[in-house]
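A.B. asks:
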Ligand code: ARG
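In our numbering, the protein residues as written are 14 to 477.
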């Protein structure tokens, strides 16, 4: 082999030997960064157009590069592209193919640019798209939750604290709690997107360039708000990926909590919901089983998504300015997290859309477990003028009485109640019913059906 073919054609000028096979294996990123092909070619096209506009590249070369890059993109999209590990990464794979297609002009594309600003640009474009995708997926999920909330704005169910029956709430209210969570997630993806929307291209290797480039032109062409203002920071910043992963982790945590509720609610012991066949699986041995596998897998996704965030933090900590090859380890984590977040959001949306709440089981559960004890205490405060602490005590005595006789609060007789506190009147029974209980909770953000409907309307307007 001659010196030229043994060493890397892109950077091998000063090298006599080709890399060891192990070196190639640890160094190459093409196995995963080929997912950045479209962004890489978009970035190169913007760069070439700017170079031509600035007179750094002839318009003939620029045109050849433009055409050639489009050909490369169509080859990659058609699956007709032979990626080479010897060419390390997507940037050099694209450039080498461009050279094969258009010849010498391809070598002029890398003027006033480095793979350091190139990869930072490509990856930002990719993560930016993921923010948009997450927002769209979450909006669809919110719409599914709104449909559930609207249908069941006045269905009663037990509200829990410590997973013990606490007070009756409405089904719609419970659904709307998740609407708030996923709404905040959308806000986080929006915020991250807005902050990451600065263009690193033109920072070159780390110091900027002596060529008279126009960074505003490339930033605008690629849909960025502005060029990144410090070249050292531009090539070494991965905050955008970390912010995306942080937003994804919080979102995955919300999904996991909801998934856990669906697992519990769909059990034979609860029977609060029925999941559709489309989002359940059977058991190969127990014919009666219908398992909430999608919910369980969604519950688990937080592990790899938060794992990705911790992995990237660990890569980035302690890295001196500017670029270090460590940063190549950013992509697989983000790719994996984004793939699984997308799946989890879509699966949750499908499950919510399809699931049927078991209204009777919800209502029966809502009425059990002394769920209206607080309503009774509130009645004693309002109607009998007791201080709340005393009312709490009287109610506790009544709960004890009911519990000892295996009954619920509305099953006590008026006489039994009056034996505990003489001021109790027959109209106390009005507040012991679960529908009256939820209807009374009219405070803003409370569980009353009217409040739930108002929140559904607000969200519908927000999404419109
Ligand atoms: N594959 C590299 C990465 O993902 C591209 C940048 C390489 N830059 C360099 N100076 N070797 O980070």
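Think of the CB as a built atom: it goes at the ideal place given N, C-alpha and C, for glycine as much as any other residue.
Remember, predicted model here, so these are calculated numbers, not experimental data.
Is residue 40 closer than 8 Å to residue 141 when the C-beta atoms are compared?
C.D. replies: The answer is no: Cβ separation not under 8 Å.
A.B. asks: Got a sec, what are the start and stop residues for the alpha helix (DSSP H) residue 66 sits in?
C.D. replies: Segment 50 to 66, the alpha helix (DSSP H) holding residue 66.
A.B. asks: Taking just the CA atoms, how far does residue 411 sit from residue 380?
C.D. replies: Straight-line Cα distance between these residues: approximately 16 Å.
A.B. asks: Excluding the five sequence neighbours on either side, which residues of its own chain have a C-beta within less than 8 Å of the C-beta of residue 18, listed in chain order?
C.D. replies: Its pLDDT being 47, under 50, residue 18 is placed unreliably by the model, and nothing is read from it.
A.B. asks: For residue 18, which three-state DSSP category applies?
C.D. replies: Low per-residue confidence applies at residue 18: pLDDT is 47, beneath 50, and the placement is therefore not dependable, though the value from the model is reported in the following sentence. Correct three-state label for residue 18: helix.
A.B. asks: What residue from 324, 382 and 252 has the CA that sits closest to residue 137's CA?
C.D. replies: Taking only the C-alpha atoms, the option nearest residue 137 is 252.
A.B. asks: Name the two residues that bound the continuous alpha helix (DSSP H) containing residue 282.
C.D. replies: It is not in any alpha helix (DSSP H) - residue 282 carries neither H nor E in the DSSP assignment.
A.B. asks: Keeping to the same chain, check which residues put their C-beta closer than 8 Å to that of residue 302; ignore five residues upstream and five downstream.
C.D. replies: Once the five neighbours on either side are set aside, the close Cβ partners of residue 302 are 295 and 296.
A.B. asks: Considering only residues of the same chain and omitting the five flanking positions on each side of residue 15, which have a CB-CB separation below 8 Å?
C.D. replies: Unreliable positioning characterises residue 15 in this predicted model, as indicated by a pLDDT of 40, which lies under 50. A coordinate reading is not provided.
A.B. asks: What's the call for residue 186, buried or exposed, on a 16-neighbour Cβ count within 10 Å?
C.D. replies: Buried is the call here.
A.B. asks: Using a Cβ-Cβ cutoff of less than 6 Å, which residues in the same chain neighbour residue 497 once the five nearest sequence positions on both sides are dropped?
C.D. replies: Residue 497 cannot be examined here, being either before or after the span of the chain that is shown, 14 to 477.
A.B. asks: Round the Cβ separation of residue 268 and residue 361 to the nearest angstrom and send it over; I've been treating them as touching at under 8 Å.
C.D. replies: Right, the Cβ-Cβ distance comes to about 6 Å (below 8 Å), so this counts as a contact.
A.B. asks: Taking the straight line between their C-alpha atoms, what separation do you get for residue 231 and residue 60?
C.D. replies: For residue 231 and residue 60, the distance between alpha carbons rounds to 6 Å.
A.B. asks: What residue from 116, 420 and 281 has the CA that sits closest to residue 304's CA?
C.D. replies: Of the candidates 116, 420 and 281, the one whose C-alpha sits nearest the C-alpha of residue 304 is 281.
A.B. asks: Ligand 1 and residue 130: does the residue's C-beta get closer than 7 Å to at least one heavy atom of that ligand?
C.D. replies: No; taking the cut-off as 7 Å, the Cβ of residue 130 has no heavy atom of ligand 1 nearer than that.
A.B. asks: Should residue 104 be listed as close to ligand 1, given that the test is whether its C-beta is under 7 Å from any heavy atom?
C.D. replies: Yes, the beta carbon of residue 104 sits closer than 7 Å to at least one heavy atom of ligand 1.
A.B. asks: Between residue 275 and residue 364, how many whole angstroms is the CB-CB distance? I'm expecting something under 8 Å.
C.D. replies: Between residue 364 and residue 275 the Cβ distance is about 7 Å, and since that is below 8 Å, they are a contact.
A.B. asks: Tell me the residue span of the beta strand (DSSP E) that contains residue 172.
C.D. replies: Start and end: 169 to 174.
A.B. asks: Can you check DSSP and say which residues form a bridge with residue 370?
C.D. replies: Bridge partners of residue 370: 286.
A.B. asks: How far does the alpha helix (DSSP H) with residue 180 in it reach, from first residue to last?
C.D. replies: From DSSP, residue 180 is part of no alpha helix (DSSP H) but of the beta strand (DSSP E) over 177 to 183.
A.B. asks: Could you check the C-alpha separation between residue 64 and residue 226 for me, to the nearest Å?
C.D. replies: Going from the Cα of residue 64 to the Cα of residue 226 covers about 7 Å.
A.B. asks: Nearest to residue 542 by alpha carbon, out of 263, 326, 322 and 131?
C.D. replies: This structure does not reach residue 542, given that the chain is present from 14 up to 477, and the question cannot be answered.
A.B. asks: Please identify the residue among 57, 25 and 431 whose C-alpha is closest to the C-alpha of residue 85.
C.D. replies: Selected option, being the one with the closest Cα: 57.
A.B. asks: So does the segment 141 to 158 actually touch the segment 256 to 272, counting three or more Cβ pairs closer than 8 Å?
C.D. replies: At 8 Å Cβ cutoff, the stretches touch.
A.B. asks: Out of 292, 289, 327 and 272, which one is the CA nearest neighbour of residue 309?
C.D. replies: Checking every option, the nearest Cα to that of residue 309 belongs to 272.
A.B. asks: Check whether the segment 393 to 400 touches the segment 179 to 195, taking contact to mean three or more Cβ pairs, one atom from each stretch, closer than 8 Å.
C.D. replies: Taking 8 Å as the limit for Cβ pairs, the verdict is that the segment 179 to 195 does not touch the segment 393 to 400.
A.B. asks: Measure how close the beta-carbons of residue 371 and residue 284 come, nearest whole angstrom, since I'm counting them as under 8 Å.
C.D. replies: Residue 371 to residue 284, Cβ: 5 Å. Contact.
A.B. asks: Reducing DSSP to helix, strand and coil, say where residue 400 ends up.
C.D. replies: Here residue 400 sits in coil by DSSP.
A.B. asks: Please identify the residue among 413, 367 and 394 whose C-alpha is closest to the C-alpha of residue 157.
C.D. replies: Measuring from the Cα of residue 157, the nearest candidate turns out to be 367.
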